[in-house]
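Note that the protein sequences, when read in sequence, are chains A and B.
Each residue of the first sequence is one higher than the one before, starting from 39 at the first, in the working numbering.
Each residue of the second sequence is one higher than the one before, starting from 3 at the first, in the working numbering.
The beta carbon of each residue, even a glycine, is placed where N, CA and C say it ideally should be.
For clarity, every value in this text was computed on a predicted model and none was experimentally measured.
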Amino acid sequence: GESVGLHLPTLSVQEGDNSIINCAYSNSASDYFIWYKQESGKGPQFIIDIRSNMDKRQGQRVTVLLNKTVKHLSLQIAATQPGDSAVYFCAETENSGYSTLTFGKGTMLLVSP
Amino acid sequence: DAGVIQSPRHEVTEMGQEVTLRCKPISGHNSLFWYRQTMMRGLELLIYFNNNVPIDDSGMPEDRFSAKMPNASFSTLKIQPSEPRDSAVYFCASSWGAGGYTFGSGTRLTVV
Numbered sequence: 039g040e041s042v043g044l045h046l047p048t049l050s051v052q053e054g055d056n057s058i059i060n061c062a063y064s065n066s067a068s069d070y071f072i073w074y075k076q077e078s079g080k081g082p083q084f085i086i087d088i089r090s091n092m093d094k095r096q097g098q099r100v101t102v103l104l105n106k107t108v109k110h111l112s113l114q115i116a117a118t119q120p121g122d123s124a125v126y127f128c129a130e131t132e133n134s135g136y137s138t139l140t141f142g143k144g145t146m147l148l149v150s151p
Numbered sequence: 003d004a005g006v007i008q009s010p011r012h013e014v015t016e017m018g019q020e021v022t023l024r025c026k027p028i029s030g031h032n033s034l035f036w037y038r039q040t041m042m043r044g045l046e047l048l049i050y051f052n053n054n055v056p057i058d059d060s061g062m063p064e065d066r067f068s069a070k071m072p073n074a075s076f077s078t079l080k081i082q083p084s085e086p087r088d089s090a091v092y093f094c095a096s097s098w099g100a101g102g103y104t105f106g107s108g109t110r111l112t113v114v
């Protein structure tokens, strides 16, 4: 989920489990959404995106689900690996991506071997 | 492509000093963004340029911050004078058209 204070929400999973990271976005006019992964000491890295005319989009081991009714976005990671440990951010924007991105506070994913 | 290149990676400076952060966007990208990341506020957009022109600088904290983009391959973010509360990681990102941004590795700024 989203952080509203100093502490990032943390999801701890075992290697091989499936992970689900959630995001509640705020702008009902947002029509393009992106998930980013940020590893320690690095910049955010694009994972997967979805436009508002879709409910689901799949990539390699990742799936993004969009529920516009409740303004909720989720990222599912299948067969989570230690290398997936990072902070994950959702980002939203309007105008099909031509407006600037607004980032959520992030969720930390910790994967134990 | 080498990606978005930022320098320096780390900067430690004394309060009151001028700090200049540098960014080289991906060649061909027409938009450039400066973000600041802190634990308290997360990723905040400071300013963005489109075709080298500043479009929105409403996120710039105060007059101590300024940004320039003299050409399509270079941008700077300057803080003068710097203060301890400016300590953060500053990211530059670039993009082309609609879609996701490519971020640099960031500059970790510490003002003591």
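#1: Tell me the rounded alpha-carbon separation between MET71/B and ASN54/B.
#2: What is the DSSP secondary structure of ARG43/B, reduced to helix, strand or coil?
#3: Do ASP69/A and SER134/A have their C-beta atoms closer together than 8 Å?
#4: Hey, is the region 71-87 of chain B in contact with the region 51-64 of chain A, meaning 3+ C-beta pairs nearer than 8 Å?
#5: In whole angstroms, what is the alpha-carbon distance linking SER41/A and ARG24/B?
#6: Count the other CB atoms within 10 Å of the CB of GLY39/A; is the residue buried (16 or more) or exposed (fewer)?
#7: According to DSSP, simplified to helix, strand and coil, what is ARG89/A?
#8: Return no unless some Cβ of chain B is closer than 8 Å to the Cβ of PHE71/A.
#9: According to the neighbour-count rule (16 or more other Cβ atoms, all chains shown, within 10 Å of its Cβ), is GLN76/A buried or exposed?
#10: For the candidate residues GLY61/B, SER97/B and GLU64/B, whose alpha-carbon lies nearest to that of SER75/B?
#11: Take LEU79/B as the anchor and find which of MET41/B, HIS31/B, PRO56/B and TYR103/B has the nearest alpha-carbon.
#12: So, at 6 Å on beta carbons, what are the nonlocal neighbours of VAL125/A in its own chain, with the 5 sequence-adjacent residues on each side left out?
#13: List, in chain order, every chain B residue whose beta-carbon is nearer than 7 Å to that of LYS75/A.
#14: Counting Cβ pairs, one atom from each stretch, are 3 or more of them under 8 Å apart for the region 8-15 of chain B and the region 103-110 of chain B?
#15: When you compare each of GLY102/B, PHE67/B and ASN73/B to GLY18/B by their alpha carbons, which one comes out closest?
#16: Ignore the nearest five residues each way along the sequence and tell me which others in TYR136/A's own chain have a CB closer than 8 Å to its CB.
#17: Taking only beta carbons into account, state which residues of the region 37-53 of chain B come closer than 7 Å to chain A, listed in chain order.
#18: By the 9 Å beta-carbon criterion, what residues does the region 111-130 of chain A contribute toward chain B?
In this structure, then:
#1: 5 Å
#2: coil
#3: yes
#4: no
#5: For SER41/A, the predicted structure reports a pLDDT of 36, less than 50, and the residue's modelled location is therefore unreliable. The matter cannot be settled from this model.
#6: Its pLDDT being 38, under 50, GLY39/A is placed unreliably by the model, and nothing is read from it.
#7: strand
#8: no
#9: buried
#10: SER97/B
#11: PRO56/B
#12: GLN76, GLY144 and MET146
#13: By Cβ distance, chain B contributes nothing, its closest Cβ being about 11 Å from LYS75/A, past 7 Å.
#14: yes
#15: PHE67/B
#16: none
#17: MET41, MET42, GLY44, LEU45, LEU47 and TYR50
#18: PHE127 and ALA129
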